[in-house]
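Residue numbers for the sequence shown follow UniProt numbering, beginning at 1 and rising by one.
From the three backbone atoms N, C-alpha and C, an ideal C-beta is built for every residue, glycine too.
Treat the numbers as computed from the prediction; the structure is a model and nothing was measured.
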Amino acid sequence: MALDPEIFEALLEGVRRFVAERLRPLEAQVSETDEIPDDLVQDMRELGLFGLSISEDYGGLGLNMEEEVRIAFELGRTSPAMRSTFGTNVGIGSQGLVMDGNEAQKAKYLPLIASGEIITSFALTEPDVGSDSGSVKTRAELDGDAYVLNGSKRYITNADKADLFTVMARTGGPGPKGVSAFLVPRDLPGLSVGKPERKMGQQGAHVCDVNFDNVRVPVENRLGAEGDGFKVAMRVLDRGRLHISAVCVGAAERLIADSIAYAKDRQQFGKPIAEFQLIQAMIADSVAECKAAKALVLQTAKAKDRGERITEDCACAKLIASEMVGRVADRAVQIFGGAGYIADYGIERFYRDVRLFRIYEGTSEIQRTIIAREALRSEG
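Okay, structure coming up:
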């Protein structure tokens, strides 16, 4: 259900100012320290960013999908690590609970997630399981009133700060139908988190291994029925991919704005480089591709709000937007020239940051596979 238009526009303007006045000035610091300052996290809580997608009944803002992607466009205009601070609470870390949790589970956790009192994380990927997500090896064996979890997860976003994990584990035979989903609190005995990985980009957003050594998870913490875990994960990822697509658009808009400003200011051969047609061509290509991706993201968000099946459209949006922002970032480096390769200007940081968008929450290759499968099915 949509917010009152005036209330939403006020929220949107508030987020826009927050990005410009609080987040962008701290981009270099966050990149250098690999940490988001505590006071900034508190500001995010007070603005309601941890509860964008959670119903007002549980203390969130209850945005519909179109409203969420419009907020994500604004959040994309700063370093992706900033959004990642609360991104798992808005997306993959909470949506399994929102979509498939029972009332007791929702009442227990959603208010704390919406307020940012607890951080959530989504534990699907494993050392030997990435794109083939239906082949998870982490096991959950029923033992009386609890499931006993054993195994490891890899590259888990916000794992070092998470208080609650949505974990996919095998309760049955091979393949997707043998996977179930569980809500696993951080403080359960036997759960341990590895140190944050050193990454190419997105400093400030941490990923870690998560290990389960005979972790007893109460039966009431299972999400849905046994064997529904893969379905839960795919529904969560559909929605998450659309959100990430919107962030890609916002990042591209930021890169385009910076490129235009630099091209107008930078002088070569006695005039601004913006007057050279080859520079104009790069700007034009970036603007056109960004507008096309933005239109697709908005169209898909509206379709979701109408209750339509959007698996194919989400995959299209993720593929197009993530590939687009990579090209826009590459052109931005080229427009800035030598300055684009120097850290002080921030362009090289964005160039590294946006590379991840083509990998996580489903690689470009997986998106193409989904699109082809859905297209063939609809024409069958």
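Can you list, in chain order, the residues of its chain with a C-beta nearer than 7 Å to that of residue i? Leave out the 5 residues immediately preceding and following it.
i, result
"V41", "T85"
"A246", "V69, A72, F73, G76, V297"
"T300", "L242, I310, D313, C314, A317"
"F357", "I244, C248, S322, V325"
"K195", "C208"
"R235", "M99"
How many Å lie between residue i and residue j at the Cα?
i, j, result
"R352", "C208", "19 Å"
"E21", "L49", "16 Å"
"L278", "R331", "11 Å"
"G134", "D128", "12 Å"
"A292", "I113", "34 Å"
"K153", "L191", "11 Å"
"S180", "A343", "44 Å"
"S115", "L164", "14 Å"
"A81", "L319", "20 Å"
"E66", "Y147", "38 Å"
"S322", "D43", "28 Å"
"D187", "D4", "39 Å"
"R24", "P174", "47 Å"
"A10", "D39", "23 Å"
"G201", "D143", "42 Å"
"D160", "I7", "35 Å"
"V354", "A225", "37 Å"
"D305", "N64", "7 Å"
"S55", "A123", "23 Å"
"N102", "C290", "39 Å"
"G62", "F269", "54 Å"
"R377", "R368", "14 Å"
"F276", "K302", "39 Å"
"T363", "P111", "32 Å"
"residue 388", "L12", "In the structure displayed, the chain extends from 1 to 380; residue 388 sits before or after that span and is not available."
"V136", "A372", "24 Å"
"D228", "R45", "32 Å"
"L26", "P272", "29 Å"
"K199", "P189", "29 Å"
How close, in whole Å, do the beta carbons of residue i and residue j come, if the pair is a contact with beta carbons under 8 Å?
i, j, result
"M282", "A233", "Contact flag wrong, Cβ pair sits at about 39 Å."
"A252", "V328", "4 Å"
"N150", "D213", "7 Å"
"Q95", "S53", "7 Å"
"A315", "I244", "Between I244 and A315 the Cβ distance is about 12 Å, and since that is not below 8 Å, they are no contact."
"V30", "Q203", "7 Å"
"I92", "L237", "7 Å"
"T138", "I119", "Wrong, their Cβ atoms sit about 21 Å apart, outside the cutoff."
"V219", "D145", "6 Å"
Of the choices the options, whose alpha-carbon is the least far from that of residue i?
i, options, result
"V249", "A162, S152, I71, L183", "I71"
"G338", "N211, E197, Y262, F18", "Y262"
"G51", "Q105, V98, T311", "V98"
"T171", "P185, R45, R222", "R222"
"I347", "A107, T78, R45", "T78"
"I256", "C316, G326, A225, M82", "G326"
"E374", "E226, R309, Q268, I36", "R309"
"G59", "G93, K108, I260", "K108"
"F350", "K304, A28, A2, L376", "A28"
"E197", "D34, I335, E6", "D34"
"I260", "D57, E126, Q334, V219", "Q334"
"A345", "R377, R254, S121", "A small fix is needed here, since residue 345 is Tyr in this sequence, not Ala. Cα-wise, what sits closest to Y345 is R254."
"V287", "E126, Y341, D258", "D258"
"R216", "A284, F269, A140, G194", "A140"
"G307", "A162, A205, G340, R239", "R239"
"Q267", "D57, F336, A303, D228", "F336"
"E32", "A372, G227, A205", "A205"
"A162", "K271, E117, K199", "E117"
Who are the near neighbours of residue i in its chain, counting only those whose CB is closer than 6 Å to its CB and skipping five residues on each side?
i, result
"I366", "S131"
"Y360", "none"
"D265", "none"
"K294", "V249"
"N211", "S152, S192"
"residue 460", "Only positions 1 to 380 of the chain appear in the structure, and residue 460 is not among them; the question remains open."
Which residues in the same chain have their Cβ closer than 8 Å to the Cβ of residue i, if we skip the five residues on either side of it in sequence?
i, result
"L47", "G14, V15, F18"
"F230", "S133, G134, M168, P176, K177, V179"
"Q280", "A274"
"T125", "S133, K153, R154, Y155, I156"
"D285", "R327, R331"
"I36", "V30, A81, M82, T85, G204"
(request) Would you list, in sequence order, the uninterrupted alpha helix (DSSP H) runs of no fewer than 4 residues that lie entirely inside the region 285 to 356? (result) 311 to 336, 347 to 353
(request) Pick out the complete beta strand (DSSP E) segments inside the UniProt domain "Acyl-CoA oxidase/dehydrogenase middle" (121 to 215), 3 residues or longer, and give them in chain order. (result) 139 to 143, 146 to 157, 164 to 170, 179 to 185, 191 to 193
(request) Jot down the residue ranges of each uninterrupted alpha helix (DSSP H) in the region 68 to 108, minimum 4 residues, whole runs only, in chain order. (result) 80 to 90, 95 to 100
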